[in-house]
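Here's the structure we're looking at; comments come further down.
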Amino acid sequence: MLAQWVRASGDLSRARSLAEQGHKAFPKSYGGQSCLSLVRSIEAPDFQLASMLVDGARKRSLQVTHKNLGKLYFRAYEQDLKSRIESSKDYSLLWGHQEMRAIVNKRPSAEWTVELPATPDFHSHTTFVTPPLTGPGAYVVMASYLPDFRESKNRVQAMNLIVTDLIIQSRTRGGTVDVT
Numbered sequence: 026m027l028a029q030w031v032r033a034s035g036d037l038s039r040a041r042s043l044a045e046q047g048h049k050a051f052p053k054s055y056g057g058q059s060c061l062s063l064v065r066s067i068e069a070p071d072f073q074l075a076s077m078l079v080d081g082a083r084k085r086s087l088q089v090t091h092k093n094l095g096k097l098y099f100r101a102y103e104q105d106l107k108s109r110i111e112s113s114k115d116y117s118l119l120w121g122h123q124e125m126r127a128i129v130n131k132r133p134s135a136e137w138t139v140e141l142p143a144t145p146d147f148h149s150h151t152t153f154v155t156p157p158l159t160g161p162g163a164y165v166v167m168a169s170y171l172p173d174f175r176e177s178k179n180r181v182q183a184m185n186l187i188v189t190d191l192i193i194q195s196r197t198r199g200g201t202v203d204v205t
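For reference, each letter of the sequence shown is one residue, going 26 to 205 in this note's numbering.
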């Protein structure tokens with residue numbers, strides 16, 4: 026219980042240490058097993074991927090929130106945005122989760138690996154990633170724990186990213202909106 030309370034207070038290093046001590050003292054008991062579970066959950070690797078929907082080439086377009094993970098593998102798949110919009114029968118103009126998973130076995134337009142800074146405090150940290158995409162286009166960008174992007178014992182997240190050299194600026198003045 027003490028390890029759980031310390032975890033709730035935000036001191037994950039101390040909570041992990043307390044839980045390890047509890048597990049070592051009573052490894053076969055319910056409490057010892059609960060402590061082991063707590064240690065494993067604190068040490069578990071995790072990441073979240075977020076991105077700009079529209080950005081320029083070679084910009085820090087991807088935000089990775091991560092913990093306990095040394096590197097992430099990325100793939101970008103160029104998509105035909107024009108035909109997607111022309112063939113759309115609803116308001117889903119970009120690719121959804123199921124469609125993104127279906128393209129993972131195709132040949133990617135780009136692949137790269139990002140070394141992530143260590144997170145010794147077991148808290149999530151943020152790293153910005155610059156995709157090596159040079160020209161305008163619509164992409165599905167995927168990140169994975171494993172280089173083969175398999176579904177078993179892995180985590181894969183995907184985002185839509187439109188790379189363009191066009192910039193839209195909007196400014197609101199009173200009841201008027203100027204868009205350039």
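The beta-carbon is built from N, C-alpha and C at its ideal position, and this holds for glycine as well.
State buried or exposed for residue i, treating a residue as buried only when at least 16 other CB atoms are found within 10 Å of its CB.
{"i": "S134", "result": "buried"}
{"i": "H91", "result": "buried"}
{"i": "W30", "result": "exposed"}
{"i": "A168", "result": "buried"}
{"i": "R175", "result": "exposed"}
{"i": "Q123", "result": "exposed"}
{"i": "Y102", "result": "buried"}
{"i": "R218", "result": "What is shown of the chain runs 26 to 205, which leaves residue 218 out entirely."}
{"i": "Q104", "result": "buried"}
{"i": "L87", "result": "buried"}
{"i": "S76", "result": "buried"}
{"i": "R32", "result": "buried"}
Let me check understanding here. Comparing Cα to Cα, which of the options lies closest to residue i?
{"i": "V154", "options": "L171, E136 and F147", "result": "E136"}
{"i": "R132", "options": "G160, D173 and H150", "result": "D173"}
{"i": "V181", "options": "E140, R126 and G57", "result": "R126"}
{"i": "L27", "options": "S54, P52 and S59", "result": "S59"}
{"i": "Y170", "options": "S54, R41, D36 and V89", "result": "V89"}
{"i": "P161", "options": "D203, E140 and K84", "result": "K84"}
{"i": "R100", "options": "T138, F147 and T151", "result": "T138"}
{"i": "V166", "options": "K107, I192, T189 and L78", "result": "L78"}
{"i": "G95", "options": "D203, Q104, L87 and D71", "result": "D71"}
{"i": "I192", "options": "L118, A82, S177 and K49", "result": "A82"}
{"i": "D36", "options": "P145, G56 and G57", "result": "P145"}
{"i": "D190", "options": "E68, T159 and R39", "result": "T159"}
{"i": "R39", "options": "V202, N179, E68 and S108", "result": "E68"}
Distance check for residue j and residue i, CA to CA, integer angstroms please.
{"i": "I187", "j": "A163", "result": "4 Å"}
{"i": "D115", "j": "Y98", "result": "33 Å"}
{"i": "S149", "j": "Q73", "result": "10 Å"}
{"i": "G200", "j": "D80", "result": "28 Å"}
{"i": "I110", "j": "W120", "result": "11 Å"}
{"i": "P157", "j": "M184", "result": "15 Å"}
{"i": "S113", "j": "N93", "result": "40 Å"}
{"i": "T152", "j": "L141", "result": "7 Å"}
{"i": "L118", "j": "I128", "result": "17 Å"}
{"i": "R198", "j": "V204", "result": "11 Å"}
{"i": "K53", "j": "L106", "result": "57 Å"}
Which of the three DSSP states is assigned to residue i in this structure?
{"i": "V165", "result": "strand"}
{"i": "Q207", "result": "Look at the range of the chain in this structure, 26 to 205, and you will see that residue 207 is not part of it."}
{"i": "K49", "result": "helix"}
{"i": "R100", "result": "strand"}
{"i": "K84", "result": "coil"}
{"i": "P148", "result": "The identity of residue 148 in the sequence shown is His, whereas the question assumes Pro. Here H148 sits in coil by DSSP."}
{"i": "A183", "result": "strand"}
{"i": "V129", "result": "coil"}
{"i": "S76", "result": "strand"}
Answer yes if the stretch 44 to 54 comes into contact with the stretch 62 to 71, meaning at least three C-beta pairs across the two stretches below 8 Å, and no otherwise. yes
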